[in-house]
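In the working numbering, the protein residues as written are 106 to 631.
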């Protein structure tokens with residue numbers, strides 16, 4: 106396809122690179138990503154105009170369908186993209202570009218089985234090159250080990266037949282084995298690749314991690330020294346990458362702090378340290394994280410990763426209002442903000458936490474209009490609808506969320522709570538058990554299961570589920586509401602058990618937290 110006919114000011118090669126970067130989910134720096142978005146924004150209208158004109162003349166013009174389908178894909182309009190690409194494949198079922206595009210569409214639709222069919226079709230027709238190998242790797246990373254292993258067998262067969270002297274392919278095989286936990290196999294591939302390219306920093310770094318995991322520190326130090334000798338990265342940052350992955354928090358923080366003493370304006374070190382502070386709860390230094398990300402923004406004021414990290418850290422600190430200020434500022438200039446969907450979803454969650462449910466639903470409606478395949482948006486909207494009592498609509502959203510992400514514990518938790526409200530106890534228990542299996546320390550899910558056990562007459566089990574209630578510190582209006590409801594339900598449970606003093610205390614706490622209900626006051630006064 107000659108894209109240069111459709112877009113002034115952008116070459117076919119440049120456009121192909123843009124598309125390739127998007128397809129392979131490459132992480133690029135914010136400047137290049139923003140430039141890419143501006144290029145697409147500037148040229149896609151002209152492309153569509155020219156393509157539409159051609160399709161009016163011939164609605165089966167294959168090149169035009171491929172171009173339009175490709176553009177729809179990178180504008181996240183996957184249903185339209187799939188319609189065009191399917192038409193192309195009806196005429197040319199082995200077309201490399203179209204199969205490659207449809208693989209990405211299937212993965213965005215969370216349909217790995219369909220992606221695997223197209224992927225195997227490409228491999229069977231000998232369309233084996235670096236792009237497909239990376240897609241194989243991405244497929245394994247994105248999906249369960251069951252699917253991953255089945256792909257891996259085919260992948261290994263191809264490697265064994267044709268590619269044992271290709272360093273890049275051997276590296277991919279090593280990385281796949283490492284991801285699946287097959288460390289000895291990973292060693293074989295990494296070592297073979299290093300025989301061809303002994304200075305590959307990625308392999309040296311990956312092999313070091315495996316050595317450390319297997320406590321073979323001698324080999325690890327040798328690989329580490331090889332990396333430092335190559336001067337590929339600052340040595341402190343190399344160690345941090347490994348400690349970070351292995352949860353060695355203290356050493357990571359020491360190395361980053363040393364690095365920042367040498368260069369306080371090292372943007373990458375600031376972001377890494379902020380990320381460690383934020384992600385690992387046992388470190389618990391969210392305020393320090395906020396400071397690091399704020400300092401990073403002084404160096405790169407428009408860096409969206411730092412902005413979104415500040416918002417996430419504020420949420421962990423229960424500062425939804427501060428997050429809201431940043432999000433409102435971002436969304437005023439949303440056309441220049443590539444993470445519009447993320448910003449709307451997070452702001453919708455911030456409004457939900459603050460009890461501003463109408464505003465929350467407005468943002469979540471917009472986010473789902475932009476991408477109707479975002480499980481997180483359905484999760485939050487479903488939870489919001491549940492909270493305000495729209496159970497039918499909430500159930501539909503939570504079902505959609507789980508269809509898109511079958512491991513979303515909050516969808517299970519809120520759907521279990523919803524079924525409890527509807528007295529569907531068996532379904533409620535199935536969902537709440539699954540939610541707690543996926544996230545064992547979520548207080549809301551345990552409180553809901555306690556309420557369920559109380560309804561089923563399992564009073565001792567019910568009391569145990571409320572064990573976190575007294576020490577829970579609410580960070581938002583939503584937390585207060587959910588804790589108040591839990592106090593009320595435990596109060597009723599204590600009343601059933603004849604623990605009247607405890608019951609009165611729980612009901613009083615529910616009222617203090619703002620749970621206004623005539624039935625609560627009636628139970629309390631009794």
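Just so it is clear, CB atoms sit at the ideal spot from N, CA and C, and this is done for glycine as well.
Item: Whole-angstrom distance between residue 507 and residue 263, CA atom to CA atom; Value: Bear in mind that the predicted position of residue 263 carries a pLDDT of just 44, short of 50, making it unreliable; the figure below should be weighed with that in mind. Their backbone Cα atoms lie some 35 Å apart in a straight line.
Item: Assigned exposure category for residue 634 - 16 Cβ within 10 Å defines buried; Value: Coverage of the chain is limited to positions 106 through 631, which leaves residue 634 absent and any answer about it impossible.
Item: Residues of its chain near residue 511, where Cβ-Cβ distance is below 7 Å and the 5 sequence neighbours each way are ignored; Value: none
Item: Cβ-based neighbour list, residue 561, same chain, cut-off 7 Å, excluding 5 preceding and 5 following; Value: 530
Item: Where the alpha helix (DSSP H) through residue 549 begins and ends; Value: 548-560
Item: Supposed contact pair residue 472 and residue 465 - C-beta distance, whole angstroms, cut 8 Å; Value: That belief does not hold up - the Cβ atoms of residue 465 and residue 472 are roughly 11 Å apart, past 8 Å.
Item: Residue 551, buried or exposed, once every other Cβ within 10 Å from all chains shown has been counted against 16; Value: buried
Item: Distance between residue 456 and residue 366 (C-alpha atoms, nearest Å); Value: 39 Å
Item: Proximity to residue 168 [Cα-Cα], best of 194, 606, 500, 480; Value: 194
Item: Option nearest residue 595 by Cα separation, candidates 586, 584, 498, 607; Value: 607
Item: Collapsed DSSP secondary structure at residue 181 in the structure displayed; Value: coil
Item: For residue 199, the nearest candidate out of 502, 452, 223 (CA to CA); Value: 223
Item: Distance between beta carbons of residue 581 and residue 458, contact taken as under 8 Å; Value: 4 Å
Item: Pick from 155, 553, 170 that is closest to residue 526, judged by C-alpha positions; Value: 553
Item: Residue from 586, 578, 583, 591 whose Cα sits closest to the Cα of residue 571; Value: 591
Item: Short Cβ contact (8 Å threshold) for residue 177 with residue 189; Value: yes
Item: Delimiting residues of the alpha helix (DSSP H) encompassing residue 596; Value: 582-601
Item: Rounded Cβ spacing between residue 485 and residue 503 (contact assumed at less than 8 Å); Value: Actually they do not touch by this definition, with Cβ atoms about 10 Å apart.
Item: Cβ-Cβ separation, residue 619 to residue 585 (assumed contact under 8 Å), whole Å; Value: 6 Å
Item: Residue 298 in three-state terms, based on DSSP; Value: helix
Item: C-beta atoms of residue 519 and residue 491 nearer than 8 Å; Value: yes
Item: Where residue 295 falls, given that 16 or more other Cβ within 10 Å makes a residue buried; Value: buried
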